[in-house]
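Beneath this line is the structure, given in structure tokens, with notes to follow.
Protein chains in written order, with our numbering: chain A, 2 to 293; chain B, 4 to 287.
Here is the structure:
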């Protein structure tokens, strides 16, 4: 209990210090609650400038989620990376569902993890815990700290964060590569040089609309019932910048714009695969008798 | 419905409201603090619920294969459970007999966590070797298992939903009472053959009802959860048991991915896991 009181006191001090400083700092943004972005594949490409790989396969003008054919002609891709994206697209066109972190129930690196529909940020003074609803993925962000000199590679990497005015800035390095590792659903690879900077900000609906329009222009909007399409309150937008000199010709950026919904947090165990998204699931071969 | 306010602000507000900052001694024990950034809680003293004197005991080992201390049972590779326990309904006995027979046939016994599935409530409480972490706010408590980052949510000071959506962990609501976090959980999946309430492969029905009372012990260095389990479809009478954790200052939560099996428990315990078939060359 003493520690709790200490933490509370630290909280009070942390909040009091800006008030006492000469230049009043912006209050720490309250990012609480469940944020929804039920769009697939998810990233919102920018209207101009280097931006995320998009789907060459379109259905009614938007990304055809049943065919994931990444635009290997995107100038952000170095030749080797473009070739990998192209081969994934050829597999998809041939009807092959190639393995990805999502369909293999493996951890989803940043920014692949934006494929999740729901996000919750648990803000504490010394850390932020980021919860994603599919397969209970959890990221941890150490606040106001530096990356260690030697980062131990991990799937979500080493994330440190701080507030810049009304913006939560998260810097991630040290994301481990391995089986199924990719930055998006098109198979875009990455190396140990991957560096992602995320900037989360609450914005009014009028400002969010531009991002939501880009979302609707590119992505397949699903999740009927999870998000309130008439919601006009504050939205949460992350603008993220990705650089990896082993894969990309230039740093590039994109956004994801989250809204609110009335749905409670779902329990999704990926390994259980209990969901039937498009009617009856594909029949899996089963043995009539157990092996033992 | 369950909006969670900003922790720092609301903790302060709630704390002031409760008089905690003012040092009101009587209320300081009202809310136990389980939440530490750099410390977790490691299951301590075995992977079974301990009986509570005066209450019906949990299912335990097969008397024909007595347990040696906290270690393995003599003569078998895996645990042999008391499938003939008088508190079990016939169908539950049958499920447990089947798993016992698997063990006698020399096979690994099933556990949901071995398939990277959630361990359920209260079964997940008995997951050993890796710590759990808490995040407490006035409206919600999160219990996060380092292993596979299983997340359990407890909504505070609200009633159960009218029709909870069935899930492995169930719908948990809670409140603080005399220094304890009291959690009431209903709304379970009907996974009778795969979802167990303990490490003895004791199944349950969707009507399972679990009440947990979590409190600090050993001057804050430990946690004890007293668990009462009732399920008229599985048990003839409710039973109770306790589990304990000790505080471990190992730093923040590590990444522990079940699909990757990167904790490599076989190394710790000298076991040989099943070999998985591997292709020498990639398909594309």
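The beta-carbon is built from N, C-alpha and C at its ideal position, and this holds for glycine as well.
Just curious, the alpha helix (DSSP H) that residue 104 of chain B is in, first and last residue?
Along the second chain, one-based indexing puts residue 104 of chain B at 101. Counting along the chain, the alpha helix (DSSP H) containing residue 104 of chain B begins and ends at 93 to 107.
Given a threshold of 16 other Cβ atoms within 10 Å of its Cβ, counted over all protein chains shown, does residue 193 of chain B qualify as buried or as exposed?
As a working note, residue 193 of chain B is residue 190 in the second chain. Answer is exposed; the Cβ neighbour count stays below 16.
Are the C-beta atoms of residue 111 of chain B and some chain A residue less than 8 Å apart?
Within the second chain, the letter at position 108 stands for residue 111 of chain B. Judged by the 8 Å Cβ criterion, residue 111 of chain B is not in contact with chain A.
Quick one: complete alpha helix (DSSP H) runs, 4+ long, within the region 61 to 105 of chain A?
Whole alpha helix (DSSP H) segments, 4+ residues: 80 to 94.
Given that residue 154 of chain B touches chain A, what residues does it touch there, using C-beta distances under 8 Å?
On the second chain, position 151 is the one that residue 154 of chain B refers to. Neighbours of residue 154 of chain B on chain A, chain order: 132, 137 and 139.
Looking at chain A, which residues of the region 164 to 181 of chain B have a Cβ within less than 7 Å of any of its Cβ atoms?
The residues in question are 170, 171 and 172.
Under 8 Å between beta-carbons, which chain A residues line up against residue 206 of chain B? List them in chain order, please.
Working through the second chain from its first residue, we reach residue 206 of chain B at position 203. Within chain A, no residue comes near residue 206 of chain B; the closest Cβ sits about 16 Å away, beyond 8 Å.
To the nearest angstrom, how far is it from the Cα of residue 31 of chain B to the Cα of residue 180 of chain B?
To locate residue 31 of chain B, count along the second chain from 1; it is residue 28. To locate residue 180 of chain B, count along the second chain from 1; it is residue 177. Any reading at residue 31 of chain B needs caution, since the residue's pLDDT is 40, under 50, leaving its predicted position unreliable; the model's value is listed next. Going from the Cα of residue 31 of chain B to the Cα of residue 180 of chain B covers about 12 Å.
Ignoring anything shorter than 3 residues or poking outside the region 125 to 169 of chain B, list the beta strand (DSSP E) runs there in chain order.
Within the region 125 to 169 of chain B, the complete beta strand (DSSP E) runs of at least 3 residues are 135 to 139, 143 to 148 and 154 to 159.
What residues from chain B crowd round residue 146 of chain A, counting only those whose CB sits closer than 8 Å?
Mapped onto the first chain, residue 146 of chain A falls at position 145. Under the 8 Å cutoff, chain B gives no residues; its nearest Cβ is about 11 Å from residue 146 of chain A.
Measuring only the C-alpha atoms, how far is residue 51 of chain A from residue 75 of chain A?
Position 50 of the first chain, counting from 1, holds the residue named residue 51 of chain A. Position 74 of the first chain, counting from 1, holds the residue named residue 75 of chain A. For residue 51 of chain A and residue 75 of chain A, the distance between alpha carbons rounds to 9 Å.
Tell me which residues share the same chain as residue 28 of chain A and place their Cβ nearer than 6 Å to its Cβ, disregarding the 5 neighbours each side in the sequence.
On the first chain, position 27 is the one that residue 28 of chain A refers to. Closer than 6 Å at the Cβ level, and outside the excluded window around residue 28 of chain A, lies no residue.
Would residue 46 of chain A and residue 255 of chain A qualify as a contact pair, given that the criterion is a beta-carbon distance under 8 Å?
Start at 1 with the first residue of the first chain, and residue 46 of chain A comes out as number 45. Start at 1 with the first residue of the first chain, and residue 255 of chain A comes out as number 254. The answer is yes: Cβ separation under 8 Å.
Where DSSP assigns a beta bridge to residue 241 of chain A, which residues make up the other side?
Position 240 of the first chain, counted from the first residue, corresponds to residue 241 of chain A. Answer is A:199 and A:255.
Note down, in chain order, every chain B residue with its Cβ under 8 Å from the Cβ of residue 128 of chain A.
In the first chain, counting from the first residue as 1, residue 128 of chain A sits at position 127. Per Cβ cutoff of 8 Å: 40 and 255.
Using a cut-off of 8 Å between C-beta atoms, extract the partners of residue 253 of chain A located in chain B.
On the first chain, residue 253 of chain A is found 252 positions in, with the first residue counted as 1. Those do not exist, as residue 253 of chain A stays about 25 Å from chain B at its closest Cβ, beyond 8 Å.
Alpha carbon to alpha carbon, how far is residue 32 of chain A from residue 124 of chain A?
For this step, residue 32 of chain A is matched to residue 31 along the first chain. For this step, residue 124 of chain A is matched to residue 123 along the first chain. In a straight line, the C-alpha of residue 32 of chain A is about 8 Å away from that of residue 124 of chain A.
How would you write the range of the beta strand (DSSP E) that residue 177 of chain B sits in, first residue to last?
To locate residue 177 of chain B, count along the second chain from 1; it is residue 174. Start and end: 174 to 180.
Below 8 Å on the Cβ atoms is my contact criterion, and I expect residue 134 of chain A with residue 150 of chain A to pass it. Report the Cβ-Cβ distance as a whole number of Å.
Start at 1 with the first residue of the first chain, and residue 134 of chain A comes out as number 133. Start at 1 with the first residue of the first chain, and residue 150 of chain A comes out as number 149. At roughly 34 Å, the Cβ-Cβ gap does not stay under 8 Å, so residue 134 of chain A and residue 150 of chain A are not in contact.
Do residue 48 of chain B and residue 124 of chain B have their C-beta atoms within less than 8 Å of each other?
On the second chain, residue 48 of chain B is found 45 positions in, with the first residue counted as 1. On the second chain, residue 124 of chain B is found 121 positions in, with the first residue counted as 1. No, Cβ-Cβ distance for residue 48 of chain B and residue 124 of chain B is not below 8 Å.
Quick one: give me the first and last residue of the beta strand (DSSP E) that residue 43 of chain B is part of.
Indexing the second chain from 1 puts residue 43 of chain B at position 40. Per DSSP, residue 43 of chain B belongs to the beta strand (DSSP E) from 43 to 46.
Should residue 254 of chain B be labelled buried (16 or more other beta-carbon atoms within 10 Å of its own) or exposed?
Along the second chain, read from residue 1 onward, the residue named residue 254 of chain B stands at position 251. Residue 254 of chain B should be labelled exposed.
Using a cut-off of 7 Å between C-beta atoms, extract the partners of residue 121 of chain B located in chain A.
Position 118 of the second chain, counting from 1, holds the residue named residue 121 of chain B. In chain order: 270.
What residue range is occupied by the uninterrupted alpha helix (DSSP H) comprising residue 218 of chain A?
Taking the first chain and counting its residues from 1, one reaches residue 218 of chain A at position 217. Here the alpha helix (DSSP H) through residue 218 of chain A covers 206 to 219.
I want to verify the contact list: residues of chain A whose CB lies under 7 Å from the CB of residue 118 of chain B, in sequence order.
The sequence position of residue 118 of chain B within the second chain is 115, counting from 1. Simply 272.
Counting along the chain, where does the beta strand (DSSP E) carrying residue 137 of chain A start and finish?
Position 136 of the first chain holds residue 137 of chain A. Unbroken run through residue 137 of chain A: none, as it is neither H nor E.
I need the DSSP call for residue 221 of chain B, collapsed to helix, strand or coil.
As a position in the second chain, residue 221 of chain B is number 218, starting the count at 1. Here residue 221 of chain B sits in helix by DSSP.
Quick one: measure Cβ to Cβ for residue 111 of chain A and residue 173 of chain A, integer angstroms, because I've assumed they're closer than 8 Å.
Looking up residue 111 of chain A in the first chain gives position 110. Looking up residue 173 of chain A in the first chain gives position 172. Contact flag correct, Cβ pair sits at about 5 Å.
Using DSSP bridges, identify the partner residues of residue 183 of chain B.
As a working mapping, residue 183 of chain B is identified with position 180 in the second chain. Beta-bridge pairing links residue 183 of chain B to B:180.
Measuring alpha carbon to alpha carbon, tell me which of A:82, A:89, A:38 and A:48 ends up nearest residue 186 of chain A.
Taking the first residue of the first chain as position 1, residue 186 of chain A is located at position 185. Taking only the C-alpha atoms, the option nearest residue 186 of chain A is A:89.
Could one say the Cβ of residue 260 of chain B lies closer than 8 Å to chain A's Cβ atoms, at least one of them?
Within the second chain, residue 260 of chain B is the residue found at index 257, counting from 1. Yes - at least one Cβ of chain A is within 8 Å of the one on residue 260 of chain B.
DSSP on residue 273 of chain A, reduced to helix/strand/coil?
Position 272 of the first chain, counted from the first residue, corresponds to residue 273 of chain A. Helix.
Have a look at residue 157 of chain B and residue 176 of chain B and give me their C-alpha separation to the nearest angstrom.
In the second chain, residue 157 of chain B corresponds to position 154, counting from 1. In the second chain, residue 176 of chain B corresponds to position 173, counting from 1. Looking at the two C-alpha atoms, the distance is approximately 5 Å.
Check whether the Cβ of residue 220 of chain B lies closer than 8 Å to any Cβ atom in chain A.
Here residue 220 of chain B refers to the residue found at position 217 when the second chain is read from its first residue. No - not a single Cβ of chain A is within 8 Å of the one on residue 220 of chain B.
Strictly below 9 Å CB to CB, what residues from chain B border residue 157 of chain A?
Start at 1 with the first residue of the first chain, and residue 157 of chain A comes out as number 156. 258, listed in chain order.
If you check the beta carbons only, do residue 93 of chain A and residue 40 of chain B fall under 8 Å apart?
Stepping through the first chain from its first residue, residue 93 of chain A is reached at position 92. Stepping through the second chain from its first residue, residue 40 of chain B is reached at position 37. Taking 8 Å as the Cβ cut-off, residue 93 of chain A and residue 40 of chain B do not qualify as a contacting pair.
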